[in-house]
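Each remark here refers to the structure printed beneath this line.
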Amino acid sequence: MADLSRRVDETLGGRYDVAWVIASGRLLIDSVTPAQTFSSAVPDLPPGTWVKDADRYPEPFTALGASVAAPAISTALTAMFTHYGALIERADLRFVGGEAYLRITPAGGHGAAPPPAWMLAVLARAVPSIRDRIRRAARYASDAALAERQQRWVDQQRPALRQEIIDLRGRDLTALDDTSLQPHLRDVLDLVRRALLLHFDLLPPTVVPLHALVLCCGRVLGWDERTALELLAGCSPATSSPGRALKEVAARIRPRPDVRRIVVALGDVPVDILVQRLTVADAETAVRLARWVDDFCFRPVHDDPGSPLFVEQPAMITRMLLEAVDRDRDPDDGSAVRTAARARARDLLARRPTERLAFERALEAAERAYPLREDSALWTGSLPAGLVRLVALEYGRRLVAKGQLDRPEDTVHLPIEGLLAALPAVAGRSAPTSDLRLRVAEHRAAREWARHHPGPARYGTAPPRPPDLRALPEPARRLNAALFWSRPATEAADSKGSTHPPPSTGVTGTGGSAGTFTGPVRLVLSAADFPRVRPGDVIVCRTTDPAWSVLFETAGAMVTDTGGLLSHAGIVAREYHLPAVLGTQRGTQILTEGQIVTVDGTSGRVSVAGPADTSELPSTQPTRRLKETS
Numbered sequence: 001m002a003d004l005s006r007r008v009d010e011t012l013g014g015r016y017d018v019a020w021v022i023a024s025g026r027l028l029i030d031s032v033t034p035a036q037t038f039s040s041a042v043p044d045l046p047p048g049t050w051v052k053d054a055d056r057y058p059e060p061f062t063a064l065g066a067s068v069a070a071p072a073i074s075t076a077l078t079a080m081f082t083h084y085g086a087l088i089e090r091a092d093l094r095f096v097g098g099e100a101y102l103r104i105t106p107a108g109g110h111g112a113a114p115p116p117a118w119m120l121a122v123l124a125r126a127v128p129s130i131r132d133r134i135r136r137a138a139r140y141a142s143d144a145a146l147a148e149r150q151q152r153w154v155d156q157q158r159p160a161l162r163q164e165i166i167d168l169r170g171r172d173l174t175a176l177d178d179t180s181l182q183p184h185l186r187d188v189l190d191l192v193r194r195a196l197l198l199h200f201d202l203l204p205p206t207v208v209p210l211h212a213l214v215l216c217c218g219r220v221l222g223w224d225e226r227t228a229l230e231l232l233a234g235c236s237p238a239t240s241s242p243g244r245a246l247k248e249v250a251a252r253i254r255p256r257p258d259v260r261r262i263v264v265a266l267g268d269v270p271v272d273i274l275v276q277r278l279t280v281a282d283a284e285t286a287v288r289l290a291r292w293v294d295d296f297c298f299r300p301v302h303d304d305p306g307s308p309l310f311v312e313q314p315a316m317i318t319r320m321l322l323e324a325v326d327r328d329r330d331p332d333d334g335s336a337v338r339t340a341a342r343a344r345a346r347d348l349l350a351r352r353p354t355e356r357l358a359f360e361r362a363l364e365a366a367e368r369a370y371p372l373r374e375d376s377a378l379w380t381g382s383l384p385a386g387l388v389r390l391v392a393l394e395y396g397r398r399l400v401a402k403g404q405l406d407r408p409e410d411t412v413h414l415p416i417e418g419l420l421a422a423l424p425a426v427a428g429r430s431a432p433t434s435d436l437r438l439r440v441a442e443h444r445a446a447r448e449w450a451r452h453h454p455g456p457a458r459y460g461t462a463p464p465r466p467p468d469l470r471a472l473p474e475p476a477r478r479l480n481a482a483l484f485w486s487r488p489a490t491e492a493a494d495s496k497g498s499t500h501p502p503p504s505t506g507v508t509g510t511g512g513s514a515g516t517f518t519g520p521v522r523l524v525l526s527a528a529d530f531p532r533v534r535p536g537d538v539i540v541c542r543t544t545d546p547a548w549s550v551l552f553e554t555a556g557a558m559v560t561d562t563g564g565l566l567s568h569a570g571i572v573a574r575e576y577h578l579p580a581v582l583g584t585q586r587g588t589q590i591l592t593e594g595q596i597v598t599v600d601g602t603s604g605r606v607s608v609a610g611p612a613d614t615s616e617l618p619s620t621q622p623t624r625r626l627k628e629t630s
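Position 212 of the sequence shown, counting from 1, maps to 212 under the working numbering, and the rest follow consecutively.
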C-alpha cells in the first residue's frame, strides 16, 4: 500500500490521501484526495539553524535509536569542539519524525555573522573564551599531539573497548531475570555514550592530516581532492577486512563439495544452526565462519541502534558465502591505484626536493590517519549500537511472551525510557497493554511518514558561511579549516541549484573513485534490499554505512545520493577500487531497477547505457519501486 501510495503521488505530482477497498481478494483504490497532513507543522525546535544531516543519516531513525543517539552525539560533538579549541561553541542533534537535524552554534552565538579575518584575529587575543580555544588548538591540534592521540587509540583505547564489547555481548541475556536485564541495558547505554565520546575525539586526528595532504597536493601538484586521496587507496583495513575474511572461509569450502551442499541445503536457517551443522562436516570451517559472523555481522545496517543487525539476515549471509565460494579471485584492495598515484607524484617532484619533502611528510601523516576513519566507526559506533539492538530484542521477546507486544522487534519503536519502563509495567505498576501497543504504532507511523514525506533541508535561517581563518595562528587555522572541510556538503550543493542532466541521460555528482564500469542498477534503499545484490551490480543508494562493507566484495560500481570523498562510500569505493559517483542528490529517484548504466568515477557522471534487462532481475523485487523515466 505504501508503494502504491508513492506511485499515486508521483503520477499526480503531489501528495495525496488514498482510500482503499479490498474486493474479491484484490486491493483497489477507492478515492484519491489532496493530502491533509501534519507535515507542514513546524516542529518545536529551539531557535537557530537546524540542518538535516542526510549525508550521514539518510534513513529516519527508530524511536529507540533517536532517543539513544541524540543526547550522546550532542554531548560528544560539543566535548570534541571544546577539547580541541574549535571555533564552535556547541552542537545539538534533534530528530524530527526520525530525521536527524543538527544545529551548530559558532563561538559568539546563534545568528552571528562570521567576523572578517582581521577582526577574528583581534577577538582571538581579546576575548577570553576564544583565546582559550586558540590555546587549546595549539596544545591538542599540533602534529605531535594528533599523532600521540592516534597511537593512544591503537595501543590502549581500541583493545579496551573491544574487550568490553566482547564481554557485554557474551552475557547470556536469557539467563537474566527482568530485574537484572535493566542494569545490563544501562551498562550498554553507558558504553554507547563513552564510545561516542571516543568517536568524535578521534575526528581531528583523522581529518587534520587528510586535509593537509589534500592542500599539499593541490599546491605542489595541482591535483584535486579525488586524485590526492588516491594516494591512500587500500590503506583502510577495517573497510576491506570483511571481504578478506570471508574469502578465507570460502577458500576452505571450495574444494569440499560436501560442505558446500550443506550450506546450500540449509539456506536461510539462523547462522548458529549453520555453524552447528558445519562443525560435523568440517570443524575448522565452522570455527572460521563463526569468527567472521562475530567480527562483522553483529552490526546494525545503519547508525541507528534500532536498525536490524546483519546476523538477523541469514539468507544474505548464506548467499554471500556461496558467491565467495564460486568466485575464486583476490579482491582488488586499491593497492594498484595507490602505487600508481604515488609514482606519478614522485615523478613530478623528482627535481623539486623542498616540495618533495613537504609532500612525503604530509603523505606519511595522512597514511597514519586514514585508517582511523573506518576503524573508529566500527568500534565506537557500529558494534556498541549492535548491543542496544540485542538487548532491545530480548526485552521484546519477554513482552511478547507476556502479551504486551506482537513482535520482539516492536521494542525499537519505543524511546529508551519507554523501553526501560516496559517490563516493570507487567507487574501492574503502569499503563495497560493496549497503551504500549499504541505507543509502538504511533512511533512507527511517524517514522514511516518521514520516510515517504521527507522534511525540509533545514529549519530556521540559512547557516552562516564559514569564517575567514587566514589571520588565526597556524594550529587553530589548520584545525578549524579541516573541520569545516570535513562537514557534509549536501545543503551547499542544494543551494547552488541542480546541475543534473535530463533524467533520460543519467545523473552527475562527485567522482569518488576513478574508473568506469557498466552494469545493471540495483537499488538498495533498506536492509531488505541487501540480499538482492548480485556480482557486477551497480549499487545505487542514498548513502552507505561502515557496516555495509560486507556487501561490496561483489559490486561493480556505486552511486549515492549524498556523501563526499571522506564519506564511507568514498572510502569503500577506493578500498575496493570501485568506480563511484557520490552526492548525485537524486540518483535513487532517477535510475531504475535493472537499468544498464555506465558509472564514470573520474568525471562524476552516470549515463544510461541501455534499458532494464528484466530477465536478469532477482525474483525478490525492491522494497521501493521508483518512477521510471524515459
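For each residue, glycine too, the CB sits at the ideal point set by N, CA and C.
As the structure is a computational prediction, the values presented were derived from the model and not from experiment.
{"query": "Close-in-space but distant-in-sequence residues of the same chain around L405 (CB under 8 angstroms, 5 per side omitted)", "result": "G396, L399, T411, L436, R437, V440"}
{"query": "Residue-level contact to chain C via CB, D347, 9 angstroms cutoff", "result": "Judged by its chain identifiers, the structure shown contains no chain C, having just a single protein chain."}
{"query": "Nearest residue (CA-CA) to I539, options E89, L203, A573", "result": "A573"}
{"query": "Proximity below 9 angstroms, CB of A76 to CB of L196", "result": "yes"}
{"query": "Residue burial classification, L120 (beta-carbon count within 10 angstroms, cutoff 16)", "result": "buried"}
{"query": "C-alpha distance - R26 paired with S5, whole-angstrom precision", "result": "16 angstroms"}
{"query": "Cβ-based neighbour list, A19, same chain, cut-off 7 angstroms, excluding 5 preceding and 5 following", "result": "D30, S31"}
{"query": "Own chain, CB closer than 7 angstroms to V521, minus 5 neighbours either side, in chain order", "result": "V538, V540, L591, T592, E593, G594, Q595, V597"}
{"query": "Closest residue to P71 among R158, I416, L472 (Cα-Cα distance)", "result": "I416"}
{"query": "Between the CA atoms of T584 and G506 - distance to the nearest angstrom", "result": "10 angstroms"}
{"query": "Other residues of its chain near D600: CB distance less than 6 angstroms, five sequence neighbours each side excluded", "result": "T516"}
{"query": "Residue from P611, L28, T49 whose Cα sits closest to the Cα of R103", "result": "T49"}
{"query": "Local Cβ density within 10 Å of R340, reported as buried at 16 or more and exposed below that", "result": "Strictly speaking, residue 340 in this sequence is Ala, with Arg absent from that position. With fewer than 16 Cβ atoms within 10 Å of its Cβ, A340 is classed as exposed."}
{"query": "Between the CA atoms of R451 and A2 - distance to the nearest angstrom", "result": "10 angstroms"}
{"query": "Nonlocal neighbours in the same chain, by C-beta distance under 7 angstroms from I73, ignoring five residues either side", "result": "L93, L196"}
{"query": "Through-space distance from V533 to P204, alpha-carbon basis", "result": "35 angstroms"}
{"query": "DSSP state of E593 mapped onto helix, strand, coil", "result": "coil"}
{"query": "Option in T227, L146, R256 with minimal Cα separation from A202", "result": "Per the sequence shown, the amino acid found at residue 202 is Leu instead of Ala. When only C-alpha atoms are compared, the closest one is L146."}
{"query": "6 angstroms CB neighbourhood of R605 in its chain, flanking five on each side removed", "result": "T508"}
{"query": "Contact under 9 angstroms by Cβ, A141 with A476", "result": "yes"}
{"query": "Reference S486, options A212, A144, L28, D178, closest by Cα", "result": "A212"}
{"query": "C-beta atoms of T239 and Y576 nearer than 9 angstroms", "result": "yes"}
{"query": "Spatially closest choice to T388 from S307, F359, L322, by CA coordinates", "result": "Correcting the residue type first, residue 388 is Val in the shown sequence and not Thr. Nearest of S307, F359, L322 to V388, Cα basis: S307."}
{"query": "C-beta contact flag for V220 and A358 at 9 angstroms", "result": "yes"}
{"query": "Proximity below 9 angstroms, CB of F61 to CB of A69", "result": "yes"}
{"query": "P384 vs I165 beta-carbon contact at 9 angstroms", "result": "yes"}
{"query": "Pairwise C-alpha distance: A462 and V51", "result": "9 angstroms"}
{"query": "Expected contact under 8 angstroms - CB spacing of A455 and E99 to nearest Å", "result": "The sequence given here has Gly at residue 455, not Ala. The Cβ separation is near 5 angstroms, so the contact holds."}
{"query": "Extent of the continuous beta strand (DSSP E) to which T560 belongs", "result": "557 to 560"}
{"query": "Residues sharing a beta bridge with P300, DSSP", "result": "L309"}
{"query": "Coil, strand or helix - S376 by DSSP", "result": "helix"}
{"query": "S24, buried or exposed, once every other Cβ within 10 Å from all chains shown has been counted against 16", "result": "exposed"}
{"query": "Given 8 angstroms, three or more beta-carbon pairs between the segment 158 to 172 and the segment 344 to 357", "result": "no"}
{"query": "Beta carbon of V275 nearer than 9 angstroms to that of V293", "result": "yes"}
{"query": "Identity of the residue in G418, L423, L419, Q151 nearest K402 by Cα", "result": "L423"}
{"query": "Pair within 9 angstroms by beta-carbon distance, A580 and V608", "result": "no"}
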